[in-house]
Structure formats: structure tokens, C-alpha cells
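Okay, so here's the structure we're looking at.
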Amino acid sequence: MSTVQFNPFARRLSLATGSGSSAPSLSATQVSTIADERINAMTILPATALANLTTSQVAGLTSTAINTLADARINAMTILPATAVANLTTSQVAGLTSTNILALTASSDQTITGKKTLTNKVTLQNMAEKVTISSTAATDTVHFDFLTQQILYSTSSAIGNFTLNVRGDATTSLDSLLENNQQAIVVFDVTNGASAKYLTALTIDSNAITPKWQGGSAPTAGNASSVDTYVFRIIKTATATFTVMASITKFA
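Once you know that position 124 of the sequence shown is 147 in the numbering used here, the rest is easy, because the numbers rise by one and skip nothing.
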């Protein structure tokens, strides 16, 4: 019987070899059972303890140390190289909470889809809003797809008075996108030529809405040779029930 010592473990591991001078290889399962050994100053913890790791417990880990464990498994958790972290799925990080993750910094452009709720204080250094530039002249019913933009700018002179219908998109209702006591703000910029046109009705998901207009009166005409900007604050008060604050401003 002979004893083989493995480094970089902090302790000695006595492994019985069968015969000859070659040492047996450790499988991922065997590694995961070494519950109190250290690899590059990192204590291997049982899976149930991972969620409670503190900053001080992982303070000794460097990026170099972590990268050397790129294909090891500790209690069924695969340690991934940095390039694989971006592809982690929800199930792979289900045990992580905001307490475990002290800070997350995006070093490059990121795209987030779906509904996201941010609580407490949110600080934005700068923010750009999506504007759809459309050469289609306003007339009849203009569909405003909230999932596509918050601002719609029609650059061709309106050719008829129009109704603005605000929706999610052709298959999604605005009602489904808002919770009760939430609001959506939409802006419609309408270009007018010498013969000005104006909004005669507002609908949400094709249902008629009577807005509350700034100044107390709905517009009865557009402004010639200018851009009329309509702003609507759409407040959802109950299912398919909205209160809308509206305004129109001339820009020329």
C-alpha cells in the first residue's frame, strides 16, 4: 500500500493505490465528497451552504484561482469559465438572491426582454427612448403599438382627421401589459401641412376612451405647417379601465 499526496489541497489526502506507481484519478463525484478541503484557498461547501456564502468567505478567491477550476464539480455544481457565465440559465442560479450578489455591473451592452420590476432606488446616468419614425401620413385609424415604441413620429403631412388606437401590438392588448395602478405614457407627433388635421378620438385596445384634456377642452383643429405633439398619460385603474390625461402642443 502506498500514499499519494495531492496539491493544491490544504490537507493531505491518503489514497490507496491498487498496484504499481500510478495514482488513481479522482472523478467529479469523488471531488465533491471532500467537504472540508481547500482548492486555491476556497473551502468546498455542501450545496445547501452555497446560498449563504458571505463576502468574507470568498474574499480569498481571485479570478486566476477560479479559472483553474474551470471543469471541476463541487457538490454537483459546475464551476464555469468566465466566458460561460453569460449563458447561465435561471435554474442554474436559482439559489442566488440579492443578498448573495452584492453588485452586478454590466461592462458591455445588454438587452433585457420581458417585464422586469425594480424596487427601491434606481439611478440612471442616461436613458434613450425608442422613437419610431414613420413616413405614413396620419388619417383614419392610427395604431400605436406600445411594445414597439413610446414615441411615434409621423413625418408626412396628415391627410385626414384621425383616431389614435393604443395597444400592445396587433395580437397583444395594452391592458395585458399594465397592472392596476400603473401608467403608460405615449407620444404621437403629427406633421401638418397647409391643411391641418387633428385627433378626433382616442381608443385603447379599440375601446373608446374620453381623455381629460389639459385646459379642459379637446382640440377642434390642428395647427397648419407645424408638428402637433399629442401626449397621453394612460393610467390603469382596474381591468380594461383607464383614466387618460391628454395634451397637445404646437411645434413650428
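All residues carry an ideal CB built from backbone N, CA and C; glycine is no exception. Because the structure is a prediction, the values reported are computed rather than measured.
(request) Locate the beta strand (DSSP E) running through Thr-228, then write down its first and last residues. (result) Position 205 of the sequence shown, counted from the first residue, corresponds to residue 228. Rather than Thr, the amino acid found at residue 228 in this sequence is Asp. No beta strand (DSSP E) holds Asp-228; DSSP gives it neither H nor E.
(message) If contacts are defined as beta-carbon pairs under 8 Å, then Asp-163 and Ser-196 qualify, I think. What distance do you get, rounded to the angstrom?
(response) In the sequence shown, the residue the question calls residue 163 occupies position 140. In the sequence shown, the residue the question calls residue 196 occupies position 173. At roughly 21 Å, the Cβ-Cβ gap does not stay under 8 Å, so Asp-163 and Ser-196 are not in contact.
(message) Please state whether the Cβ-Cβ distance between Gly-137 and Phe-169 is less than 8 Å.
(response) Taking the first residue of the sequence shown as 1, we reach residue 137 at position 114. Taking the first residue of the sequence shown as 1, we reach residue 169 at position 146. Not a contact, by the Cβ cut-off of 8 Å.
(message) Quick check: what's the CA-CA separation for Asn-215 versus Ala-224?
(response) Position 192 of the sequence shown holds residue 215. Position 201 of the sequence shown holds residue 224. One C-alpha to the other measures close to 17 Å.
(request) For Ala-224, write down the residues that DSSP places opposite it in a beta bridge. (result) Residue mapping note: residue 224 aligns to position 201 of the sequence shown, counting from 1. Partner(s): Thr-186.
(request) Count the other C-beta atoms from every protein chain shown that fall within 10 angstroms of the C-beta of Lys-235, then say buried if there are 16 or more, exposed otherwise. (result) Stepping through the sequence shown from its first residue, residue 235 is reached at position 212. Classification for Lys-235: exposed.
(request) Please classify Leu-200: does DSSP put it in a helix, a strand, or coil? (result) The residue you call residue 200 lines up with position 177 of the sequence shown. DSSP places Leu-200 in helix when its eight states are reduced to three.
(request) Flag this pair as touching only if the stretch 268-275 and the stretch 240-248 have three or more C-beta atom pairs under 8 Å; answer yes or no. (result) yes
(request) Excluding the 5 residues preceding and the 5 following Ala-161 in the sequence, name in chain order all residues of the same chain whose CB lies nearer than 6 Å to its CB. (result) The residue given as residue 161 occupies position 138 in the sequence shown. Within the same chain, Ala-161 has close Cβ partners Ser-177, Ala-181, Phe-185, Val-213.
(request) Could you have a look at Gln-206 and say whether DSSP puts it in helix, strand or coil? (result) Counting from one through the sequence shown, the residue named residue 206 turns up at place 183. Reduced to three states, the DSSP call for Gln-206 is strand.
(message) If the criterion is Cβ atoms closer than 8 Å, does the pair Gln-206 and Ile-257 meet it?
(response) Working through the sequence shown from its first residue, we reach residue 206 at position 183. Working through the sequence shown from its first residue, we reach residue 257 at position 234. Against a cut-off of 8 Å, the Cβ pair of Ile-257 and Gln-206 comes out as a contact.
(request) Express the C-alpha separation of Thr-159 and Thr-252 in angstroms, rounding to a whole number. (result) Taking the sequence shown and counting its residues from 1, one reaches residue 252 at position 229. Taking the sequence shown and counting its residues from 1, one reaches residue 159 at position 136. Distance between the alpha carbons of Thr-252 and Thr-159: 16 Å.
(message) Rounding to the nearest angstrom, what Cα-Cα distance links Lys-153 and Phe-167 in this structure?
(response) Taking the sequence shown and counting its residues from 1, one reaches residue 153 at position 130. Taking the sequence shown and counting its residues from 1, one reaches residue 167 at position 144. Spanning the two alpha carbons is a distance of roughly 13 Å.
(request) Please name the residue, chosen from Ile-232, Gly-238, Ser-157, that lies closest to Ile-267 on a Cα-to-Cα basis. (result) For the purposes of this step, residue 267 is taken as residue 244 along the sequence shown, with counting starting at 1. This sequence places Val at residue 267; Ile is not what is there. When only C-alpha atoms are compared, the closest one is Ile-232.
(request) Report the residue from Val-189, Ser-131, Leu-201 whose alpha carbon sits nearest the alpha carbon of Asn-230. (result) Position 207 of the sequence shown, counted from the start, is the residue given in the question as residue 230. For Asn-230, the nearest C-alpha among the options comes from Val-189.
(request) Going by DSSP, name the residue or residues bridged to Asp-261. (result) Start at 1 with the first residue of the sequence shown, and residue 261 comes out as number 238. It should be noted that the sequence gives Ala, not Asp, for residue 261. DSSP, once it has assigned bridges, lists Thr-264 as partnering Ala-261.
(request) Just grab the DSSP bridge partners of Ala-296 for me. (result) Residue 296 lies beyond the stretch modelled for the chain, which goes from 24 to 275, so this question has no answer here.
(request) Evaluate Lys-259 with the Cβ neighbour count: other Cβ atoms within 10 Å of its Cβ, from every protein chain shown; 16 or more gives buried, anything less gives exposed. (result) By one-based count along the sequence shown, residue 259 stands at place 236. Buried: at least 16 other Cβ atoms inside 10 Å.
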